[in-house]
Amino acid sequence: MRTDTEIADRVKQIFDEGASIIDIGAYSSRPNAIHITAKEEMNRLRRGLEIVNRNHPNAVISVDTFRAEVAKMCVQEYGVAIINDISGGEMDEQMFEIVAYLNVPYILMHIQGTPQNMQQKPHYDNLIKDVFMFFAKKIQQLHNLGVKDIIIDPGFGFGKTVEHNYELISHLEDFKMFELPLLVGVSRKSMITSLSLNITSQEALNGTVVLNTVALMKGAHIIRVHDVKETVEAVKIVRKVMGA
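Residue numbering for the sequence shown is 1 to 244, as defined by UniProt numbering.
Following this line, the structure appears as structure tokens:
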């Protein structure tokens, strides 16, 4: 557990290095993660949110939660600007209605299963088709509730094998059909470290920057990362190459 000073220093570093949004979560979404209650999740979130708001009152904050009640408290009590739901509404049936009520941008992520079981032999008959059908269905449900500000996230590593993850990367440009902002989060993930590179996740910076560069050139609008400085450099270079 980090001290308040350590958290504040890390938040300052994130913004000093050029981040536009800070994503704060308290429920671990790693494979085989331990389940915690909504009360415990909110208690953990309060600390981080209070530190960010105190030191960076104009910060754009995204809260990483699949629980509607937690999302509602974060938006109403702490001014959180974006809801980042790793379950795409699958783990809380009230989420879409709460998003509509709160009228904030919603990150819709694809996942197969839950953090506790998602990596237990994930299988798809047709990965790209299945993921696209998931998004088409969910986007329509959100539109029916009046939610228009949607960001889609393919969910790298969430109920997917390494091969699935690279298949998604190779088809990123196809997500343009939804005409919505595309978020990609591959930072330090096992799709990099598992390629016989003999590195840990902490040593996966080079691979992360390579994948982020590919994602940007294939149409990603938002990149979720740990290493902000290096990613900002990649973004500037890609923009120059692409003539943006």
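Positions of the beta carbon are idealized from the N, C-alpha and C atoms, including for glycine.
In this text, all values refer to a predicted model and were calculated from it rather than measured experimentally.
- Straight-line spacing of the CA atoms in N55 and L127 works out to 43 Å.
- DSSP places G25 in the strand class (E or B) of the three-state scheme.
- Listed as beta-bridge partners of I222 by DSSP are L183.
- By the CB criterion at 9 Å, I151 and Y78 fall outside the cutoff.
- Here DSSP, grouped into helix, strand and coil, assigns D16 to helix.
- Taking C-alpha positions only, E97 is separated from L145 by approximately 7 Å.
- The DSSP assignment places complete beta strand (DSSP E) segments of no fewer than 3 residues inside the stretch 133-196 at 150-153, in order along the chain.
- Counted as a single uninterrupted DSSP element, the alpha helix (DSSP H) harbouring M242 occupies residues 228-242.
- Closest by C-alpha distance to V104, out of I14, K240, I169, C74, is C74.
- Cβ-Cβ distances below 7 Å link I36 to Y27 in the same chain, with the five nearest sequence neighbours on each side left out; the list follows chain order.
- Ranked by Cα distance from F134, the options V70, Q13, E90, I223 are led by E90.
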